[in-house]
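Sequence order for the protein chains is A and B. When you read off a place in the first sequence, starting at 1, and then add 7, the result is the number in my numbering. When you read off a place in the second sequence, starting at 1, and then add 7, the result is the number in my numbering. Don't be surprised by glycine CBs; every beta carbon is placed ideally from N, CA and C.
There are 2 protein chains.
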Amino acid sequence: MTICEKKEHEQAVGSAKREALSEEQLGRVCNVFRVLGEPSRMKIVLALTGGEMCVYHILQAVGGTQSGVSHQLRVLKDNRIVRSRREGQNILYSLADDHIVEIVAMGRAHMDCAEE
Amino acid sequence: MTICEKKEHEQAVGSAKREALSEEQLGRVCNVFRVLGEPSRMKIVLALTGGEMCVYHILQAVGGTQSGVSHQLRVLKDNRIVRSRREGQNILYSLADDHIVEIVAMGRAHMDCAEE
DNA sequence: TTATAATATGAATACTTATTCATATATTAA
DNA sequence: TTAATATATGAATAAGTATTCATATTATAA
């Protein structure tokens with residue numbers, strides 16, 4: 008592979024390098040997507056679109072094991088996709104912010120247009 | 008774990024189940040995010056935000072090996088994140104549609120607000 | 001029609017991460 | 001203060017997948 012000398016490409020390379028995110032920023036952007044890219048977690052996020060829920064009800068909504076759902080909830084929380092508050096014996100989970108709703112909506116839109 | 012009888016939760020469970028995506032739909036939504044959740048691929052996508060590029064220039068922009076980038080490009084293409092066209096000896100890659108640009112922009116926005 | 005350039009691909013390996021199992025913590029009720 | 005409920009967590013394993021290496025394919029130029 009020697010050289011492709013298209014001027015537009017070289018400009019694009021230049022701007023790509025200038026505007027490149029730091030490793031840390033890149034990691035943070037990717038984390039949001041990586042976390043949402045797992046069906047078991049996406050199910051939880053979609054369930055929470057309907058509003059705040061305790062773990063017991065999340066479990067009813069998405070299925071699986073208590074331990075599994077709990078682990079996934081922690082990943083979601085660590086990555087600020089969801090937040091939680093305690094109410095008595097229950098911990099109530101909800102989506103962390105509106106970005107999440109929008110991001111998921113975009114994902115669904117892409118899914119629809121990517122349908123074969 | 009016996010019973011949490013909050014009426015709102017039960018409604019949320021109900022609507023979550025009614026509106027649940029099929030396994031196949033769920034898989035498609037997740038794929039978009041899973042693919043974007045890998046730094047090596049996100050770098051490529053971000054590079055292509057600046058416009059169409061051949062593999063050689065993508066390689067210059069993101070680093071890594073030729074084989075590695077090529078494999079990642081295939082994953083991106085299979086999931087309709089990018090598309091490609093041949094021009095002589097070169098294959099030119101570009102983002103598949105505007106959804107991608109928007110999804111990535113949202114991811115960045117979430118990253119910013121999730122900053123500690 | 002051979003050589004070279006540009007890109008793609010199969011197989012193997014190395015990493016990452018989801019899931020499971022057993023157990024721990026925290027809250028309320030008795 | 002003991003028992004029960006609700007949720008979380010550590011460690012182990014299993015599953016998935018990124019990366020690498022060697023090689024194949026496709027297009028052009030000599």
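- The C-beta distance from B:Met49 to A:Leu33 rounds to 6 Å, short enough to meet the 8 Å contact threshold.
- Residues are counted here when their Cβ sits less than 9 Å from a Cβ of chain A; for the segment 17–31 of chain B these are Glu17, Gln18, Ala19, Val20, Gly21, Ser22, Ala23, Lys24, Glu26, Ala27, Leu28, Glu30, given in chain order.
- For A:Leu43 against B:Phe40, the beta-carbon gap comes to about 4 Å, under 8 Å, which counts as contact.
- Within chain A, the C-beta atoms nearer than 9 Å to that of B:Leu53 come from Ala23, Glu26, Ala27, Leu28, Leu33, Val36, in chain order.
- With respect to the 8 Å criterion, A:Ile51 and A:Leu83 are classified as neighbours on the basis of their beta carbons.
- The beta-carbon separation of A:Arg35 and B:Met118, rounded to 4 Å, stays under the 8 Å limit for a contact.
- Inclusion of B:Cys37 and B:Ile98 in the CB contact set at 8 Å is not warranted, their separation being larger than that value.
- For the segment 54–66 of chain A, the residues whose beta carbon sits under 9 Å from a beta carbon of chain B are, in order, Ala54, Leu55, Thr56, Gly57, Gly58, Glu59, Met60, Cys61, Val62, Tyr63, His64, Ile65, Leu66.
- Going by DSSP, A:Ser77 is part of the alpha helix (DSSP H) stretching over 73–85.
- Taking C-beta atoms as the reference points, B:Gly57 and A:Ala23 count as a pair closer than 8 Å.
- Going by DSSP, B:Ile98 is part of the beta strand (DSSP E) stretching over 97–102.
- A:Ala116 and B:Arg87 have their C-alpha atoms spaced approximately 13 Å apart.
- A direct Cα-to-Cα measurement between A:Arg92 and A:Glu59 gives close to 10 Å.
- Residue environment for B:His106: buried (at least 16 other C-beta atoms within 10 angstroms of its C-beta).
- Contacts with chain B at 8 Å (Cβ-Cβ) include A:Val39.
- In the DSSP assignment, B:Ser91 falls within the beta strand (DSSP E) that extends over 89–94.
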